[in-house]
Amino acid sequence: MTSLPPHDPLVALWQTAPKPDTHRLLLDLQRLNRLHQRLNRIMFAILTGVSLLLIFEEATVRVPTHGALSVIWILSLILGALWRRRAQCNRSDALALDTVSLLKFMIARAKSDLLIARCLYAGVPCGAGCGFLVMHLAGIRPSPPALAVSAQLHLIQTGAGIATLIAMIVAGVILARSRQLQVRELSEKLRLIQADL
Amino acid sequence: MVKLEEIVEVHAAMVRRIATIYERHPDRVDDLVQDVWIAVWKALPRLNDQATLKSYIARIAQNICVTHVRRALVRQTQPLTETLPDPATAPDEAMARAMRLARLIEAVRGLPENLKAVASLYLEDMPVKDIAMALGISETNASVRLHRAKSAIRLSFGDPS
């Protein structure tokens, strides 16, 4: 396909920019694709491992919740996977929108991410505290045979729980900081793009 | 269905030129270009009309660049001298053209955000109608902005003809 030379000398000059190295770019894209697939596989392995552990814990009555936790966990995983898939499609579609609509979409998404981040760093410790109180008041505790197996294991489980809690709070703080910056910068860009409309 | 390799081969220069306007640091330009191509790769199956491929990719590139949020830590600018050759060492036509191009890039980078977006698409030889559609503004508005952008570029750059 041939095209006419640009009529404007500025455009003509602009198009004389040297051609980039597409070979390297394609290699980088393939590498990123492989990394992305590997990350997906690792995530799948971790989540499957956690699910199996939870099922095992409940099957051996170490956690006396009669399978309720496993069911909630697996349902949450399915819903999360569906939500992620939908979000990915929405993101791809949004990129082909006009810039003003895309900026509005991205600001709305960054704000909802900010809310999730706040839930992580503020809601998680509150939830954990409430959960502990409810368990304590309702008298829900590990069955005596489970405690008898190993006190050390019980300690490891508690430690792992607290570590997960701290990791979630830290992740929430980092995510909130990044999303606050995103909301600020995107709003400023939208204001500039819309200036004198 | 056209293969991504062929699309990259044809439109890589355009994507890089658009990214260069929004990002000064060469490594970050590479990252931006990669982001654009990953987005194009994902969005390509949903493109219905292959004839609009160029403006579709230009729009995605423009959107990725505009929504690209720089981290505060890496917000540092490179001096102009790193992108512009020294006029004293311009022996031939190619060098002179490279210098003019570098000055044009700097002129476009220096535009306000609302004019920069219009200019980046106009320089890719997109008609005003497509520019207006890509940015979500009216054609009249796009024309006014384009006129202002060209005046500002010519003012800081000088007429290239």
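Protein sequence lines, in the order shown, are assigned to chains A and B.
Terminal number for the first sequence in our numbering: 198, no gaps in between.
Terminal number for the second sequence in our numbering: 428, no gaps in between.
Each residue gets a CB set at the ideal place from its N, CA and C atoms; glycine is no exception.
9 angstroms is my cut-off, CB to CB: does residue i come that close to chain B?
i, result
"V56/A", "Note on identity: in this sequence residue 56/A is Ile, with Val being the wrong assignment. Chain B, which has no Cβ nearer than 9 angstroms to the Cβ of I56/A, makes this no."
"T3/A", "Note that T3/A scores 46 on pLDDT, short of 50, meaning its location in the model is unreliable; the coordinates nonetheless yield the value given after this. By this cut-off, T3/A is not an interface position."
"A18/A", "yes"
"S77/A", "no"
"M136/A", "no"
"K112/A", "no"
"V12/A", "yes"
"A97/A", "yes"
"I170/A", "no"
"W15/A", "yes"
"V174/A", "no"
"M107/A", "yes"
"V101/A", "yes"
"L36/A", "no"
"A82/A", "no"
"T165/A", "no"
"S188/A", "no"
"L182/A", "yes"
"L193/A", "yes"
"L27/A", "yes"
"P126/A", "no"
"L33/A", "yes"
"A196/A", "yes"
"P21/A", "yes"
Answer with yes or no whether the minimum CB distance from residue i to chain E is below 9 angstroms.
i, result
"I117/A", "The question asks about chain E, but that chain is absent: this structure's protein chains are A and B."
Within this structure, are the beta carbons of residue i and residue j separated by less than 9 angstroms?
i, j, result
"V395/B", "I288/B", "no"
"A201/A", "G173/A", "Any question about residue 201/A goes unanswered here, given that chain A covers just 2 to 198."
"V12/A", "K112/A", "no"
"V336/B", "L182/A", "yes"
"L26/A", "A401/B", "no"
"Q16/A", "L378/B", "no"
"E373/B", "S423/B", "yes"
"V101/A", "I404/B", "yes"
"L28/A", "L104/A", "no"
"L191/A", "I108/A", "yes"
"R284/B", "S387/B", "yes"
"A416/B", "K383/B", "yes"
"V135/A", "I170/A", "no"
"I327/B", "V300/B", "no"
"L371/B", "I324/B", "no"
"L138/A", "L176/A", "no"
"L55/A", "V64/A", "yes"
"L40/A", "L78/A", "no"
"R178/A", "D114/A", "no"
"R364/B", "L36/A", "no"
"S322/B", "M366/B", "no"
"E411/B", "I398/B", "Sequence check: residue 411/B is Val here, not Glu. Cβ distance not < 9 angstroms, so V411/B and I398/B don't count as in contact."
"L368/B", "A196/A", "no"
Step through the CB atoms of chain A and report whether any lies within less than 9 angstroms of the CB of residue i.
i, result
"E406/B", "no"
"M400/B", "yes"
"G403/B", "yes"
"E272/B", "yes"
"R376/B", "no"
"L368/B", "yes"
"A306/B", "yes"
"K309/B", "yes"
"P379/B", "yes"
"A279/B", "yes"
"K417/B", "yes"
"A384/B", "yes"
"R291/B", "no"
"R313/B", "yes"
"D297/B", "yes"
"V395/B", "no"
"D359/B", "no"
"E373/B", "no"
**Request:** Check whether the region 273-293 of chain B touches the region 301-318 of chain B, counting contact only when three or more Cβ pairs, one atom from each stretch, lie closer than 8 angstroms.
**Result:** yes
**Item:** At least three beta-carbon pairs within less than 8 angstroms, the region 164-174 of chain A to the region 81-98 of chain A
**Value:** no
**Request:** Could you tell me whether the region 289-301 of chain B touches the region 65-81 of chain A, where touching means 3 or more Cβ pairs closer than 8 angstroms?
**Result:** no
**Item:** 3 or more residues per run - each beta strand (DSSP E) lying fully within the region 99-135 of chain A
**Value:** none
**Asked** Curious, which full-length alpha helix (DSSP H) runs of at least 4 residues does the region 10-41 of chain A contain?
**Response** 10-15
**Prompt:** Can you list, in chain order, the stretches of the alpha helix (DSSP H) that have 4 or more residues and sit fully within the region 54-79 of chain A?
**Reply:** none
**Asked** What residue ranges within the region 353-385 of chain B form continuous alpha helix (DSSP H) runs of no fewer than 4 residues, ordered along the chain?
**Response** 360-376
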